[in-house]
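Residue numbers (our numbering): 406 to 685.
Take a look at the structure:
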């Protein structure tokens, strides 16, 4: 059975990734795997030249090597402790199929190797390099979104199990596909859909058809037409209506590039206080 893969690294989003992955695994009755990847650290082998003697340089290199080995050992132990803690939390929430996986290498390479067994990937908005910047998108996230072809849940902060989701519609082919994908995404089953359109009267008929299509499939739909700058309008609506999840689509290389190059979606990823679901 395909798994929920949750990426943890001990950074600020680890708790929200854990909570979000437990929610997803519970809703889908799917196995959950917590993944911790030990990235290769930057080498301490710097240029030790100049006025110091050869013997002193050799001694420094020996000490630096020993320090690197200690750091690697501590990182390994820290990762194992994180995995154990996350597993204990998941088991305490009633999950029964929970596994831990620790690997050496690069996160993206590890995820690509696991992709065939993955149903949903859960990852934080940023990792340890940006953990003190709540409004940063990590470089790891960008790489993962470009290459992984499964649904991706992005943790953005404290998690409250959502019972509703926001789906932005603009009448484009992409938004039409997103409606279809939402209908076929088990993670969204039984949740209220807030179908929202911003400043786009030219597609009013398509907007109504999308709402009717969702309703015909048994989805509880709330329709809203907004005005203003799209990202601000959508996030303001999310806050006013207390919508628990923002759903977005990603189709093809060009759309993925737009996700992280100054688009409306970028602002939503950066500023959203609630989790985001990228639907494939």
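Where a beta carbon is used, it is the ideal one built from N, C-alpha and C, also for glycine. Remember, predicted model here, so these are calculated numbers, not experimental data.
- Contact between the stretch 430-443 and the stretch 478-489 is present, with at least three C-beta pairs closer than 8 Å.
- Distances from the alpha-carbon of residue 591 to those of 548, 417, 433, 576 put 433 closest.
- Its Cα nearest to that of residue 599, the residue 628 stands out among 677, 628, 436, 428.
- If you draw a 10 Å sphere on the C-beta of residue 575, you find 16 or more other C-beta atoms in it, and that means buried.
- Scanning its chain for C-beta atoms nearer than 6 Å, with the 5 sequence neighbours on each side dropped, one finds around residue 515 the residues 442, 508, in chain order.
- If you look at residue 408, you'll find it in the beta strand (DSSP E) that goes 408-412.
- Annotated three-state conformation of residue 470 is helix, per DSSP.
- Here the alpha carbons of residue 676 and residue 530 stand approximately 10 Å from one another.
- Annotated as proximal: residue 583 and residue 654, with beta-carbon spacing under 7 Å.
- Two segments are said to touch when three or more pairs of C-beta atoms, one from each, lie closer than 8 Å; by this definition the stretch 597-612 touches the stretch 566-581.
- Around the beta-carbon of residue 501, fewer than 16 other beta-carbon atoms lie within 10 Å, marking it exposed.
- One alpha carbon belongs to residue 423, the other to residue 474, and they sit about 29 Å apart.
- Close CB contacts of residue 492 within its chain, under the 7 Å cut and outside five residues either way in sequence, are with 439, 503, 505 (chain order).
- For residue 439, the beta-bridge partners assigned by DSSP are 411, 505.
- Beyond the five residues adjoining it in sequence on each side, residue 481 comes within less than 7 Å, by CB distance, of 443 in the same chain, given in chain order.
- Counting C-beta pairs closer than 8 Å gives three or more between the stretch 408-428 and the stretch 520-530, which meets the contact rule.
- Under the criterion of beta carbons closer than 8 Å, residue 556 and residue 682 qualify as touching, at roughly 7 Å.
- Residue pairing of residue 637 in beta bridges, as defined by DSSP: absent, with no partner found.
- Going by DSSP, residue 628 is part of the beta strand (DSSP E) stretching over 626-631.
- Around the Cβ of residue 484, a 10 Å sphere holds 16 or more other Cβ atoms; the residue is buried.
- Exclusion of the five residues before and after residue 586 leaves 654, 684 as the residues of its chain whose Cβ lies within less than 7 Å of its Cβ.
- The shortest C-alpha to C-alpha distance from residue 550 to any of 674, 568, 601, 641 is the one to 674.
- In the DSSP annotation of this structure, the continuous segment of the alpha helix (DSSP H) that includes residue 675 starts and ends at 669-676.
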